[in-house]
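A short worksheet on the structure shown next.
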Ligand code: SAH
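In this note's numbering, the protein residues as written are 205 to 419.
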C-alpha cells in the first residue's frame, strides 16, 4: 500500500498529539512518525489511521490506540538491542514500533488466522521480528527466555507468574491487569530477583484469553 506525503503529514500530526498528551521519549515519537499505521488497517478505513483511537482489525481484535502503544512503550524503557517479548501480536503495529527502536522482538498470538496474516504481512513490509509464534501468551516463550522486557497488549485478569519468571534480573514487565477495565502495571525485577510493582492509570483492552483459540 502506498505511503504518501499526505500520510507522512498525518503521522507528524499524530506525533504532535502524543507529545501533547505527555509522551516525551523522542525515539518513541520518531517510531510513531516512521511506521505507516494506515497499512495495518483495512483500506476502507484509511482516514481513521492517524486518529488517536483504537481500531478493529478483524478476528474480533483491535489495533491499540496510538497513545496506549506509546505509553506502554515508554514504561518499558526500551534500549537498543533489548530482547523483548510481546504477548498479543494482533496487527503487528506494536512489534514494528519496538523494531524501529532497535529492539529484538519475540511475539505471540493465540488466534491462528491473525497469526498467519500478520506473519506474512510483516514480512511483506520488511519488518523482521526474531520470532513470531502461534501460542498461549500466559506461558510466555520459555524456549527463548529470559527477556530484558515483556509487554502484554491484552487485558490480563492477573499477572502470570511464568512471565515474571522469564524476566532477566533488572527486567521490566508492562501489563494491563483487570477484567472490565485494566490498571497498567509495571513490574520491575531487581538484580537480586526481588520484584517492585507500580500502577500507571486505567485503560481498556481486549481480554487476554487462555489457551490457543483452536485448542
Ligand atoms: N499488539 C497489538 C494489539 C493486539 S490486541 C497491535 O499492535 O495491534 C490483543 C491481541 O492479543 C489480540 O490479537 C488477541 O488475539 C491476542 N491475545 C489474546 N489472548 C492471548 C493469549 N493468551 N496469548 C497470546 N495472544 C493473545
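Just so you know, even glycine gets a beta-carbon here, dropped at the ideal spot from N, CA and C.
Values in this document were obtained by computation on a predicted structure and should not be read as measured data.
For this session: Give the straight-line distance between the Cα atoms of residue 246 and residue 252, rounded to the nearest whole angstrom.
Result: Taking the chain shown and counting its residues from 1, the one referred to as residue 246 is at position 42. Taking the chain shown and counting its residues from 1, the one referred to as residue 252 is at position 48. One C-alpha to the other measures close to 10 angstroms.
For this session: Tell whether a beta-carbon distance below 7 angstroms holds between residue 407 and residue 392.
Result: Counting from one through the chain shown, the residue named residue 407 turns up at place 203. Counting from one through the chain shown, the residue named residue 392 turns up at place 188. No, they are not a contact pair.
Exercise. If you draw a straight line from the C-alpha of residue 211 to the C-alpha of residue 250, how long is it?
Worked result: As a working note, residue 211 is residue 7 in the chain shown. As a working note, residue 250 is residue 46 in the chain shown. Rounded to whole angstroms, residue 211 to residue 250 spans 9 angstroms at the Cα level.
Exercise. Counting Cβ pairs closer than 8 angstroms, one from the stretch 288-303 and one from the stretch 231-239, do we hit at least three?
Worked result: Note that the stretch 288-303 touches the stretch 231-239; at least 3 beta-carbon pairs, one per stretch, sit closer than 8 angstroms.
Exercise. What separation, rounded to the nearest whole angstrom, lies between the Cα atoms of residue 326 and residue 333?
Worked result: In the chain shown, the residue the question calls residue 326 occupies position 122. In the chain shown, the residue the question calls residue 333 occupies position 129. Their backbone Cα atoms lie some 8 angstroms apart in a straight line.
Exercise. Taking contact to mean at least 3 C-beta pairs separated by less than 8 angstroms, is the stretch 276-284 in contact with the stretch 346-359?
Worked result: Between the stretch 276-284 and the stretch 346-359, the count of Cβ pairs shorter than 8 angstroms is three or higher; the stretches touch.
Exercise. Hey, would you say the C-beta of residue 314 is under 6 angstroms away from at least one heavy atom of the ligand SAH?
Worked result: Counted from its first residue, the chain shown places residue 314 at position 110. For the ligand SAH, at least one heavy atom lies less than 6 angstroms from the Cβ of residue 314.
Exercise. Thinking C-beta only, is residue 288 closer than 7 angstroms to residue 312?
Worked result: What you label residue 312 is simply residue 108 of the chain shown in a count that begins at 1. What you label residue 288 is simply residue 84 of the chain shown in a count that begins at 1. No, these two residues do not count as a Cβ contact at 7 angstroms.
Exercise. Residue range of the alpha helix (DSSP H) that residue 218 falls in?
Worked result: As a working mapping, residue 218 is identified with position 14 in the chain shown. Bounds of the alpha helix (DSSP H) holding residue 218 are 209-224.
Exercise. Quick one: is residue 415 buried, meaning 16 or more other Cβ sit within 10 Å of its Cβ, or exposed?
Worked result: Mapped onto the chain shown, residue 415 falls at position 211. By the 10 Å Cβ count, residue 415 comes out exposed.
Problem set entry | DSSP bridge partner residues for residue 338 (one or two, in chain order) | Counting from one through the chain shown, the residue named residue 338 turns up at place 134. 313.
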